[in-house]
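The sequence shown begins at 5 in our numbering and counts up one residue at a time.
C-beta: ideal position from N, C-alpha, C; glycine also.
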Amino acid sequence: MRKYFYLLLLGLASFTNAQTLKKPNIIYIMSDDHAAHAIGKYGGRLAFLNPTPNLDQLASEGMVFENCFVTNSICTPSRATILTGQYSQTNNILDFSRPLKTEQQYLPQEIKKQGYETAVIGKWHVMCEPTAFDFYSVLKGQGKYFNPTFYEKGNGVYPNNIVKSTGHSSDVITEKAINWVKNRDNKDKPFFLMYHFKAPHDWFEYAPRYEGYLADTKVPEPENLYSQPNWGSEGTRGKNDSLIHEIGTSVSRRHPINGYVNYYKIDESIPDKEATSMAYQKYLKSYLRCVKGVDDNLGKFFQFLKNNGLYENTIIIYSADQGMMLGEHDMVDKRWMYEESMRMPFIVHYPKQIKAGTRNDMIINNTDFAPTLIDLAGGIVPKKMQGKSIKPLLKGKKPRNWRMATYNRYWLHLTHHDIPGHFGIRTQDYKLIFFYGRHWDLNETGKLSRAWLTPDKSFVVRPTPPSWELYDLNKDPHEANNVYDNPAYAHIITKLKKELKRQRKMYNETDDAYPHIQKIVDEYWDK
């Protein structure tokens, strides 16, 4: 009897192991600041430059999400949201002033419960040890573009487990990813890999081999680089345009300290429009050369998967930690709730379940990433996660209760790139933004906006005027015309504010903990 019982247990173990092997591998690939409109498959003015042929091929074999948005458009908060499935106030990462707690690495914790071997390689930037992963090799802080240093598991005790490297970060990170997949410890298990590039984060240091890319090409300029008379509000321009030379790092000379014309040291004798065009060309070419380096490395990585029989049974997701302003509104960097900064690329490849060449226009955001990955791995999404799994969308379904709007908030009032604190909501048709103009931390008031610079090279953090902006995205996709004061939109504003208030309460994004902000919200809500 014991013999038969033993054989039964052995058979069940074999069956369980076989079931585990049938699970797909999962690779989540993320670049830093890679705007969706800098990917060919997303169209737009940069598509004809063909910066991403390998990503475009991946997209043509899977599903492209056209309306994926970040909830807090800077590196650390976005990455914390991707790991926790939570909005910033819930996971307590409003900016990059505090680390994510090691016990908050919910995504890899849940994936491991499903029998996956896990790893994170590349940029991490949540300022804690990636203890939840079976293996990690992550950049130290922001990381360097050339000869980057990594914290690596198996090389001592964190944070002294330093490993040095030689080469450009995109190349080094890809080699590390390939080597981990090739040499991982438990090849009988499916694997989950988070494969993160530093590029194309500023200051856009590309590998020398890309110097000739786009050298003789004029990169198309955005329509609103030079003129947008109806854009913005007092919160973004100041009363009577009194803050026009201070708010938001610029391409042009508009921002006297953080304008790229000055950064690139373009001769003062050159007329403004010509100088702006020159700075824009330098900015975009450097950025796109970094993008090209990412795409070439992805081509190498995808070929490795194909050569080793891993491509078809692997779910591959490509995204970025947020978008990027590429000259739109005469702006650089991210942080804004404007479309180019808020929109994230999101491409999903899995031939066994996703129809090739499909596009999806349902609204998703980065709180959904962790729930989706856990669901795809066969797990149950924890109730503490505020996002939703998009697995039904991958199957072509349209759930009745899917979100019709997505919430966004930027907390770091004026620091680093002189962008005012704001929050808002984006639907398929409209975007409503409230610029409340205060830092969440009152102790920041009076400090330099770029604390590491001298007073003559930085403005002071101080209150800016509260104001509302509304954009009709169907009529005005480039957000050049603020229609908040147009009486024809009064009923739309009422509906949007109702939804905005609902989501702020539902997602723990109210300002109960910040009464100095809540006071402004209350005062200006109906203005």
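Cα-Cα separation between residue i and residue j, rounded to whole angstroms
i, j, result
"Ala17", "Asp192", "Low confidence applies to Ala17: its pLDDT is 48, below 50, so where it sits in the model is not reliable, and the reading given next is rough at best. Cα to Cα, Ala17 sits roughly 13 Å from Asp192."
"Ser237", "Ala494", "17 Å"
"Tyr32", "Ser273", "48 Å"
"Leu504", "Arg241", "24 Å"
"Asn21", "Ala381", "Per-residue confidence for Asn21 stands at a pLDDT of 46, beneath the threshold of 50, marking its modelled position as unreliable; the derived number appears in the next sentence. Cα to Cα, the separation comes out at about 15 Å."
"Asp299", "Phe305", "10 Å"
"Lys356", "Ile270", "53 Å"
"Gly383", "Pro396", "15 Å"
"Asn159", "Lys186", "19 Å"
"Asp36", "Leu309", "23 Å"
"Ile394", "Leu377", "9 Å"
"Asp325", "Ser453", "23 Å"
"Ala517", "Asn183", "46 Å"
"His205", "Ala455", "20 Å"
"His249", "Asn266", "13 Å"
"Lys359", "Lys401", "13 Å"
"Val167", "Phe139", "14 Å"
"Ser169", "Val161", "19 Å"
"Thr468", "Ala409", "27 Å"
"Lys144", "Pro163", "9 Å"
"Arg293", "Leu218", "8 Å"
"Gly331", "Pro194", "42 Å"
"Ile97", "Leu477", "30 Å"
"Met34", "Trp128", "10 Å"
"Asn71", "Gln390", "18 Å"
"Gln109", "Thr371", "14 Å"
"Ser471", "Phe438", "6 Å"
Extent of the continuous alpha helix (DSSP H) to which residue i belongs
i, result
"Asn266", "Tyr264 to Tyr267"
"Ile521", "Pro519 to Tyr528"
"Gly171", "Element bounds for Gly171: n/a, residue is neither H nor E."
Proximity winner among the options, relative to residue i (alpha-carbon distances)
i, options, result
"Glu343", "Glu156, Ala203 and Asn412", "Asn412"
"Met335", "Glu156, Met131, Thr85 and Ser254", "Ser254"
"Ala492", "Tyr475, Lys502 and Pro481", "Tyr475"
"Tyr264", "Ile251, Met282, Arg404 and Ile248", "Met282"
"Thr80", "Arg442, Val464, Tyr518 and Leu416", "Leu416"
"Asp422", "Ile429, Tyr322 and His443", "His443"
"Trp406", "Thr431, Trp340 and Asn486", "Thr431"
"Thr178", "His200, Arg213, Leu288 and Ile320", "His200"
"Thr56", "Lys45, Tyr511 and Arg49", "Lys45"
"Arg213", "Ser290, Pro163, Asp530 and Gly89", "Ser290"
"His259", "Ser462, Thr85, Val525 and Phe69", "Ser462"
"Asn364", "Trp128, Phe137, His41 and Pro349", "Pro349"
For residue i, three-class secondary structure by DSSP
i, result
"Asn29", "strand"
"Trp128", "coil"
"Ile496", "helix"
"Phe69", "strand"
"Phe350", "strand"
"Met198", "strand"
"Ala39", "coil"
"Arg430", "strand"
"Ile367", "coil"
"Leu452", "strand"
"Phe100", "coil"
"Met510", "helix"
"Val464", "strand"
"Met328", "coil"
"Ala219", "coil"
"Arg413", "strand"
Cutoff 6 Å; reference residue i; Cβ partners in own chain excluding five residues on either side
i, result
"Ala211", "His172 and Gly297"
"Glu527", "none"
"Phe196", "Ile30, Ile115, Tyr120 and Thr122"
"Leu418", "Ser453 and Val465"
"Ile43", "Thr56, Leu59 and Pro349"
"Lys399", "none"
Close Cβ partners of residue i (< 7 Å) along its chain, the five nearest in sequence each way excluded
i, result
"Asp276", "Ser256 and Arg257"
"Leu12", "Here the model assigns Leu12 a pLDDT of 47, short of 50, so the residue's position is not dependable and the matter cannot be decided."
"Ser345", "Ser77, Gln326, Gly327, Met328, Met329, Lys338 and Arg339"
Endpoints, beta strand (DSSP E) assigned at residue i
i, result
"Leu436", "Tyr434 to Phe439"
"Tyr110", "Element bounds for Tyr110: not the beta strand (DSSP E) but the alpha helix (DSSP H), Tyr110 to Lys117."
"Asp476", "Ser471 to Asp476"
"Glu156", "Thr153 to Glu156"
Nonlocal neighbours in the same chain, by C-beta distance under 8 Å from residue i, ignoring five residues either side
i, result
"Tyr8", "Unreliable positioning characterises Tyr8 in this predicted model, as indicated by a pLDDT of 49, which lies under 50. The coordinate reading is nonetheless provided below. Excluding residues within five positions, none has a Cβ falling inside 8 Å."
"Phe150", "Gly171, His172, Ser173 and Glu209"
"Ser64", "Lys45, Ala360 and Gly361"
"Asn486", "Asn234, Trp235, Gly236, Ser237, Glu473, Leu474 and Tyr475"
"Asn317", "Pro28, Asn29 and Lys356"
"Gly450", "Val464, Val465 and Arg466"
"Tyr284", "Val223, Glu225, Leu229, Val255, Tyr264 and Gly331"
Distance cut-off 7 Å: residue i Cβ against heavy atoms of the ligand GDP
i, result
"Gly236", "For the structure depicted, the ligand GDP is absent and the ligand set is empty, with no information on it obtainable."
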